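There are 2 protein chains.
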Amino acid sequence: AIETHQMTKVYGSGNTEVIAMHDATMNVERGEVVALLGPSGAGKSTFLTAIGLINPPTSGQIFIGGQLILDGPQSHTNLRTFRKQHIGFVFQKANLIPFLTAIENVQVALEINGNSPRAARKEALALMDYLGVADRANGLPNTLSGGQQQRVAVARALANKPSVILADEPTAALDGHRGRQVMELFAQVAHERGAGVVVVTHDHRALDVFDTIYEMEDGAMGPKKRQSDL
Amino acid sequence: AIETHQMTKVYGSGNTEVIAMHDATMNVERGEVVALLGPSGAGKSTFLTAIGLINPPTSGQIFIGGQLILDGPQSHTNLRTFRKQHIGFVFQKANLIPFLTAIENVQVALEINGNSPRAARKEALALMDYLGVADRANGLPNTLSGGQQQRVAVARALANKPSVILADEPTAALDGHRGRQVMELFAQVAHERGAGVVVVTHDHRALDVFDTIYEMEDGAMGPKKRQSDL
Ligand SMILES: Nc1ncnc2c1ncn2[C@@H]1O[C@H](COP(=O)(O)OP(=O)(O)OP(=O)(O)O)[C@@H](O)[C@H]1O
Ligand SMILES: Nc1ncnc2c1ncn2[C@@H]1O[C@H](COP(=O)(O)OP(=O)(O)OP(=O)(O)O)[C@@H](O)[C@H]1O
Ligand SMILES: [Mg+2]
Ligand SMILES: [Mg+2]
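Sequence order for the protein chains is C and V. First residue of the first sequence? That's 4 in the numbering used here, and the numbers climb one at a time after it. First residue of the second sequence? That's 4 in the numbering used here, and the numbers climb one at a time after it.
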């Protein structure tokens with residue numbers, strides 16, 4: 004589903020140069036749920052936003068669904084359209100639209116992809132109910148707890164049933180029980196719908212849910228480790 | 004150091020009423036480091052922002068240093084001045100000033116309390132070095148990773164050596180190693196300087212560092228549990 008080849012990202016230049024990631028290579032099959040671990044500052048968000056087509060690499064290739072999408076900063080398709088149709092992204096900060104209610108935040112993601120308001124609301128409510136945030140549906144984001152906002156962001160990312168799901172520390176603000184529920188949902192979506200899923204996490208407790216684990220350190224991507232080998 | 008008595012917080016009214024916490028009572032001694040746990044939405048941030056004097060309760064009393072500070076929404080001192088002098092707060096979202104560099108964010112907290120720019124910069128750098136973020140000192144917050152921003156927020160909260168330290172999930176964006184280092188730093192500040200420290204956390208791994216554990220659920224505060232009894 005997702006393939007990267009020798010991705011490098013350099014910020015700044017000269018004195019302020021930061022090599023956030025170098026030569027990062029990863030292969031995610033359809034139906035595979037991958038955990039990406041590593042210390043703070045290792046380059047995980049940089050990697051994820053690159054394959055999410057939000058933050059193109061300085062060099063290296065990104066293939067999605069077998070199609071070359073980015074070659075360094077050079078795009079081979081309309082990135083905005085491609086993201087809208089194929090990628091669901093959970094940001095490290097929930098990033099909800101502050102002037103829309105929780106349910107509207109999920110609903111608009113569905114409407115943007117052609118669903119009627121009625122169908123969109125029904126689907127949004129079902130997802131939020133599963134994640135335990137339906138009772139805060141009509142609240143503005145700044146009246147929701149940190150973990151409630153995070154769960155609404157998860158609902159929004161999953162709403163359009165995208166074939167690629169990328170989540171940046173989606174359970175950081177959640178307790179153990181809710182956190183595991185979210186990780187299991189990602190695994191279920193991968194295994195039942197064939198989505199390719201990459202989850203950045205610091206949480207070692209729910210790792211048994213993943214098919215594959217990669218670790219980054221100082222911008223370098225380690226080798227693929229299969230759950231079956233651990 | 005901190006004493007609360009039957010604190011209640013109600014948001015909204017009628018259909019939109021949310022009882023975020025009710026009758027919450029907690030007693031934190033000088034030199035005591037307390038962990039506050041509980042599921043997402045339990046009322047932890049509501050409790051912490053209340054005793055941080057940022058979000059006064061609907062009813063109930065808050066005593067700091069033996070002095071009555073808030074009785075429901077009624078303040079008995081200038082809250083802004085009191086906070087500046089006595090309380091260090093790490094927010095659930097780092098909340099750094101976006102147009103100041105990382106080190107400036109810590110430095111201004113010191114300067115506001117009367118330190119010279121030179122002394123402030125020296126102290127800021129020492130704290131950031133300890134937390135492993137000195138190499139990003141001159142970066143604007145949006146160029147720092149999630150965990151780097153969080154560590155800068157911790158440095159800012161500790162910079163003035165306050166007698167009350169309140170931290171809302173300060174290690175959520177940190178890996179195990181860095182997270183433990185931050186928790187140990189809070190315990191050290193409590194035990195060596197006599198600060199009263201309350202840390203909201205979902206991270207069960209570093210709990211051995213705390214003297215006392217409280218748990219909230221659905222707005223209710225559970226009983227005090229001493230580490231020695233666990
Ligand atoms: N301004 C507000 N208006 C209405 N409801 C609110 C407001 N702020 C918080 N709440 C609600 O109060 C409850 C407690 O929120 P709080 O932020 O204290 O939870 P929390 O324990 O910190 O959760 P988390 O672990 O997810 O951060 C939640 O149901 C939340 O939606
Ligand atoms: N826009 C930017 N300009 C300069 N440096 C940057 C920028 N964005 C990120 N960095 C740096 O690149 C490195 C990797 O950042 P990244 O956000 O990918 O780390 P991370 O692994 O996600 O960390 P965390 O676990 O703390 O979220 C960090 O040292 C960070 O300071
Ligand atoms: Mg990150
Ligand atoms: Mg909270």
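By construction, the Cβ of each residue, glycine as well, lies at the ideal position given by its N, Cα and C atoms. All values derive from a computational prediction rather than experimental measurement.
Below 6 Å, is the gap between the Cβ of residue i and the nearest heavy atom of ligand 6?
i         : result
GLY182(C) : Of the ligands one can find in the structure shown, namely ligand 1, ligand 2, ligand 3 and ligand 4, none is ligand 6.
Chain C partners of residue i, CB-CB under 7 Å?
i         : result
SER43(V)  : SER148, GLY150, GLN151, ALA176, LEU177, ASP178, ARG181
GLU300(V) : Summary: the structure shown does not reach residue 300(V), with chain V confined to residues 4 through 233, and so no result is reported for it.
ILE217(V) : Here the sequence assigns Tyr to residue 217(V), which means Ile is not the residue at that position. Here the premise fails: no neighbours, minimum Cβ distance about 14 Å.
Which residues in chain V have a C-beta closer than 7 Å to the C-beta of residue i? List them in chain order.
i         : result
HIS8(C)   : Going along chain V, no residue has its Cβ under 7 Å from HIS8(C), so there is no contact; the nearest lies around 24 Å.
SER237(C) : Outside the modelled stretch of chain C, which goes from 4 to 233, sits residue 237(C), for which no answer is possible.
Could you work out which residues of chain V lie near residue i, taking near to mean beta carbons separated by less than 9 Å?
i         : result
HIS207(C) : GLY179, ARG208
Residue i CB to nearest chain C CB: under 7 Å?
i         : result
GLN184(V) : no
GLN95(V)  : yes
Pull up the CB-CB distance for residue i and residue j, whole angstroms please, since I reckon it's below 8 Å.
i         : j         : result
LYS164(V) : ARG196(V) : 6 Å
GLU220(C) : ALA27(C)  : Actually they are not in contact, since the Cβ atoms of GLU220(C) and ALA27(C) sit about 11 Å apart, beyond 8 Å.
THR49(V)  : MET29(V)  : With a Cβ gap of about 13 Å, THR49(V) and MET29(V) do not count as contacting.
GLY63(V)  : THR11(V)  : 6 Å
ALA4(C)   : GLY68(C)  : 6 Å
LEU128(C) : ILE100(C) : Rounded, the Cβ-Cβ distance is 18 Å, inconsistent with contact.
VAL95(V)  : GLY149(C) : According to the sequence displayed, residue 95(V) carries Gln and not Val. Right, their Cβ atoms sit about 5 Å apart.
ASN1(V)   : ALA158(V) : Here chain V has residues from 4 to 233 only, and residue 1(V) is not among them.
THR204(C) : ALA38(C)  : 6 Å
Identify the contact partners of residue i in chain C, using a Cβ-Cβ distance below 8 Å as the criterion.
i         : result
GLU172(V) : GLY149, ALA175, ALA176
TYR133(V) : Residues of chain C passing the Cβ test: none, with the nearest at roughly 14 Å.
Open item on the list: Considering only heavy atoms of ligand 3 and the C-beta of each residue, which residues fall inside 7 Å, strictly closer?
Closed with: The answer, residue by residue, is LYS47(C), SER48(C), GLN95(C), ASP171(C), GLU172(C), VAL203(C), SER148(V), GLY149(V), GLY150(V), ALA176(V).
Task: alpha helix (DSSP H) runs wholly inside the region 63-106 of chain V, at least 4 long, in chain order - done: Annotation: the region 63-106 of chain V contains the following complete segments of the alpha helix (DSSP H) (minimum length 4 residues), in chain order: 82-89.
TODO: List in chain order: all unbroken beta strand (DSSP E) runs of 3+ residues lying wholly within the region 189-230 of chain V.
DONE: Runs found: 199-203, 215-220.
Open item on the list: Could you tell me which whole beta strand (DSSP E) segments of length 3 or greater appear in the region 139-173 of chain C?
Closed with: Qualifying beta strand (DSSP E) stretches, in chain order: 167-171.
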